[in-house]
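First comes the structure, then the notes that go with it.
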């Protein structure tokens with residue numbers, strides 16, 4: 001969970017922040033984290049995100065989303081591929097998450113996209129994480 | 001300049017906003033506009049940007065950047081490829097902008113990237129716009 005795995009760090013920060021109902025969570029920026037935030041926004045899991053040049057490597061701020069009764073829209077986040085054990089799926093072989101109720105975020109040659117988009121584009125890649 | 005060319009609209013909004021020294025400029029969100037904002041931030045032309053789900057198609061807000069004497073960091077923006085006349089460059093053939101003082105933003109199969117990155121990755125694509 002150390003900075004040897006910045007994406008795991010991102011998921012942990014989000015997990016902790018929604019648990020205590022924070023509106024926003026901040027972290028050092030990286031390309032992959034910004035692309036994951038973009039997918040989370042496109043898929044409706046977060047209200048939005050900000051990218052700024054504050055701090056030594058820039059800052060990514062995520063605006064978390066809650067339902068009408070204050071329940072977090074993100075109920076779970078799981079790192080799949082890990083620096084020590086990469087997890088890939090071939091084209092046509094990218095699995096769904098909980099029968100399509102969640103999404104997998106996949107790093108492909110066409111960018112960082114959902115499992116659904118990967119199947120549509122018939123491309124495989126590294127399964128970065130799952131969100132539901 | 002109408003919404004038949006949302007990217008031209010984005011460039012116009014930025015051009016007008018820096019002329020009157022606004023800190024931020026807002027516009028309807030689209031995938032391509034968010035990717036262009038990302039390049040502008042990576043290249044140091046803007047302070048940052050925000051993506052949110054406000055409004056019918058979401059909102060992109062750009063935080064504009066000024067030098068120590070209030071001079072805009074972006075001094076020029078030009079649409080290159082247009083809906084009526086697309087402009088493409090082959091791999092190895094992506095031109096520099098003002099001898100490398102500016103950047104071209106290129107839509108490639110590896111995503112929306114700078115002319116420099118396109119040459120490095122030896123890929124071609126559609127020359128969306130130039131910034132300097």
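Chains as they are written, first to last, in full-length UniProt numbering: chain A, 1 to 132; chain B, 1 to 132. For every residue, glycine included, the Cβ atom is placed at its ideal position computed from N, Cα and C. Note that the structure is a prediction, hence the values are computed from the model and not measured.
- The C-alpha of residue 25(A) lies about 14 Å from the C-alpha of residue 54(A).
- Under the Cβ distance rule, residue 50(A) counts among the residues neighbouring chain B, one pair being separated by less than 8 Å.
- The beta-carbon of residue 99(A) is placed no less than 8 Å from the nearest beta-carbon of chain B.
- Taken in chain order, the members of the stretch 26 to 51 of chain A whose beta-carbon sits within less than 7 Å of a beta-carbon on chain B are 34, 38, 41, 47, 48, 49, 50 and 51.
- In the structure shown, the three-state DSSP call for residue 128(B) is strand.
- The Cβ-Cβ distance between residue 75(A) and residue 132(A) falls below 8 Å.
- Approximately 7 Å separates the beta-carbon atoms of residue 33(B) and residue 6(B); this is inside 8 Å, confirming the contact.
- Secondary-structure assignment with DSSP links residue 27(B) through a beta bridge to 60(B).
- Excluding its 5 nearest sequence neighbours in each direction, residue 107(B) has C-beta neighbours in its own chain below 7 Å: 125, 126 and 128, listed in chain order.
- Taking 9 Å as the Cβ-Cβ cut-off, the stretch 58 to 70 of chain A approaches chain B at 58, 59, 61, 63 and 65, given in chain order.
- Any Cβ of chain B closer than 8 Å to the Cβ of residue 124(A) would place that residue at the interface, and such an atom is absent.
- According to DSSP, residue pairing for residue 107(A) in a beta bridge involves 112(A) and 126(A).
- Excluding five sequence positions before and after residue 121(B), the CB atoms of its chain that fall closer than 8 Å to its own CB belong to 108, 110 and 113, given in chain order.
- For residue 83(A), the three-state secondary structure derived from DSSP is coil.
- Close partners of residue 55(B) in chain A (Cβ separation under 8 Å) are lacking, with about 11 Å as the shortest Cβ gap.
- At least one CB of chain B lies nearer than 8 Å to the CB of residue 111(A).
- With fewer than 16 other Cβ atoms inside 10 Å of its own Cβ, residue 87(B) counts as exposed.
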